[in-house]
Amino acid sequence: MCNNECDASTDELAHPPELMFDFEGRNPTTFWQSSSWNTFPKPLEVNITLSWNKTIELTDDIILTFESGRPEQMLLEKSLDYGKTWTPYQFYATDCLDAFTMEPKTVNELTQRTLLDIICTEDYSRGYVWKYDKTVRFEIKDRFALFAGPRLHNMASLYGQLDTTRNLRDFFTVTDLRIRLLKPATGATMVDENNLSRYFYAISDIKVQGRCKCNLHSNSCVFDKDKGKLGCECEHNTTGPDCGRCKRHYHGRPWSVGSYLPIPRGTANISHVCDNAMLLCQNGGTCHHHQRCHCAPGFKGVLCERTRCQVLGPCEEYPTAGQPSLHHPLLLVPPGLLLSLLLPLVVIWFC
Ligand SMILES: [Ca+2]
Numbered sequence: 001m002c003n004n005e006c007d008a009s010t011d012e013l014a015h016p017p018e019l020m021f022d023f024e025g026r027n028p029t030t031f032w033q034s035s036s037w038n039t040f041p042k043p044l045e046v047n048i049t050l051s052w053n054k055t056i057e058l059t060d061d062i063i064l065t066f067e068s069g070r071p072e073q074m075l076l077e078k079s080l081d082y083g084k085t086w087t088p089y090q091f092y093a094t095d096c097l098d099a100f101t102m103e104p105k106t107v108n109e110l111t112q113r114t115l116l117d118i119i120c121t122e123d124y125s126r127g128y129v130w131k132y133d134k135t136v137r138f139e140i141k142d143r144f145a146l147f148a149g150p151r152l153h154n155m156a157s158l159y160g161q162l163d164t165t166r167n168l169r170d171f172f173t174v175t176d177l178r179i180r181l182l183k184p185a186t187g188a189t190m191v192d193e194n195n196l197s198r199y200f201y202a203i204s205d206i207k208v209q210g211r212c213k214c215n216l217h218s219n220s221c222v223f224d225k226d227k228g229k230l231g232c233e234c235e236h237n238t239t240g241p242d243c244g245r246c247k248r249h250y251h252g253r254p255w256s257v258g259s260y261l262p263i264p265r266g267t268a269n270i271s272h273v274c275d276n277a278m279l280l281c282q283n284g285g286t287c288h289h290h291q292r293c294h295c296a297p298g299f300k301g302v303l304c305e306r307t308r309c310q311v312l313g314p315c316e317e318y319p320t321a322g323q324p325s326l327h328h329p330l331l332l333v334p335p336g337l338l339l340s341l342l343l344p345l346v347v348i349w350f351c
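First residue of the sequence shown? That's 1 in the UniProt record's numbering, and the numbers climb one at a time after it.
If you want it as structure tokens, here you go:
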């Protein structure tokens, strides 16, 4: 701890924020340190905001390593809209009732039904004995384990839930995180007003593990130097920062998120265009390899749901639905045009 040796204007004695994100493993540890609590009794509050400028899915615990005592009050917040709005992720306090009027809870008390509850935990704030446990966590894996089992051996179960429950997917998704340090460790019931330089925050490392959210339509996510941010390399005719919409001209079927299942490769969710049960080709059309409806004369559309008007003339006369015209309009179309009419049908299957 630098105590009286800190000096932000001298490289050797400065403890800037970058030292929370440098390579760890060196000795002595590098760390950021806040100013001391010289404004006591005014609260010493510091926000640390992490912004990815990209939607991220968390895959492992968030771990903060404190070189000071762990804060007596702290709040972890998340944003899903690039920092416009924030919601609490977890409260931390030596006394949850006193600090946040919340009953203390641990992640182990959560169930599948209460997994999305925002809790206040006293697990990471107690005591000033910081040399033995310096970490504060947000437990992602314990929450995964509620669906995947204690050693995460049944990931298919978790992925099945993530596939079907948007709230659950969103819970583990962030664009930004904000650590709100609200009260430093004091180690005593009374703050020693004659020695306020003892009280401060110091963090040596912040670990956040995740992957880009690409809605399962991409295998890679790269840092675009020109845009200065991460971006998905979208496949399956999707586009957008998170592959969250269809590419232009590929709107034949509505966009949908890919699937985690079957593991480990998942699927692009190329759902059937037609089948013989739910997605029936209409107006006498027949389903061909689940990929397209062969429409009866006079009908068009993915499920042959629309009547086709004369291509070469004005749309004066529409055949009645269910009673295809005897005069097949396509027969009037030159072969080259027929091909170009069909092509869009071919390229939309993936989106
Ligand atoms: Ca460090």
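Where a beta carbon is used, it is the ideal one built from N, C-alpha and C, also for glycine. From a predicted model like this one, the values you see are computed outputs, not experimental measurements.
Cβ pair residue i, residue j closer than 8 Å
i    : j    : result
Q90  : T121 : yes
P184 : W32  : no
P104 : C96  : yes
D170 : L80  : yes
P43  : L182 : yes
T65  : K134 : yes
L230 : W86  : no
T173 : E57  : yes
L13  : D22  : no
L280 : D176 : no
T189 : Y199 : no
T106 : R126 : no
S204 : E45  : no
Backbone CA spacing between residue i and residue j [nearest angstrom]
i    : j    : result
L146 : E305 : 45 Å
N276 : C293 : 11 Å
H289 : Y92  : 56 Å
M102 : I119 : 8 Å
K247 : C232 : 14 Å
K300 : R308 : 6 Å
K227 : C214 : 17 Å
T239 : Q282 : 31 Å
M20  : P28  : 13 Å
V222 : G244 : 16 Å
D11  : S34  : 16 Å
V302 : L168 : 33 Å
P71  : I179 : 11 Å
C212 : H249 : 25 Å
H328 : P254 : Any answer about H328 is weak, because its pLDDT of 30 lies below 50 and its placement is not dependable; what the coordinates show is given next. Computed Cα separation, rounded: 29 Å.
S197 : I48  : 21 Å
T30  : G69  : 16 Å
K54  : D123 : 31 Å
S220 : G298 : 44 Å
T320 : T165 : In this prediction, T320 has a pLDDT of 38, which is less than 50 and means its spatial position is unreliable; what the coordinates show is noted afterwards. So the two alpha carbons sit approximately 42 Å from each other.
A99  : N195 : 24 Å
Neighbourhood of residue i by C-beta distance below 6 Å, restricted to the same chain and skipping five residues each side
i    : result
Q209 : T59 and D60
S259 : D163, G266, T267 and N269
I63  : T135, R137 and K207
H217 : C234, E235, H236, T238, C243 and G258
E24  : D205
Backbone secondary structure at residue i - three-state DSSP
i           : result
D7          : coil
P17         : helix
residue 354 : With the chain represented from 1 up to 351, any question about residue 354 goes unanswered, as that position is not in the structure.
Q33         : strand
F144        : helix
Q182        : The sequence shown places Leu at residue 182, rather than the Gln named in the question. L182 falls in the strand class under three-state DSSP.
L168        : helix
N194        : helix
H327        : With a pLDDT of 31 at H327, under the threshold of 50, the modelled position of this residue cannot be trusted, and the question is left open.
Q209        : coil
Y159        : helix
W349        : Legend: pLDDT at W349 = 34, less than 50; position of this residue unreliable, no value from coordinates given.
T108        : With the sequence shown as reference, residue 108 is identified as Asn, and Thr is not the correct amino acid for it. Here N108 sits in helix by DSSP.
E12         : helix
D176        : strand
P43         : coil
A268        : coil
T101        : coil
L50         : strand
L303        : coil
L261        : coil
R253        : coil
K247        : coil
G231        : strand
Cβ-based neighbour list, residue i, same chain, cut-off 7 Å, excluding 5 preceding and 5 following
i    : result
L144 : Note that residue 144 is Phe in the sequence shown, not Leu. Same-chain partners within the cutoff: L152 and L158.
G160 : L261
M155 : A148 and I263
D224 : G231
Nonlocal neighbours in the same chain, by C-beta distance under 8 Å from residue i, ignoring five residues either side
i           : result
E193        : F40
R26         : none
residue 387 : Any property of residue 387 remains undetermined from this structure, which presents the chain solely from 1 to 351.
T111        : L146
Which residues DSSP lists as bridging residue i, in chain order
i    : result
S220 : Looking at the DSSP assignment, S220 forms no beta bridge with any residue, so it has no partner.
T135 : T65
Q73  : A93 and K183
L279 : In DSSP, L279 forms no bridge with anything.
S79  : D176
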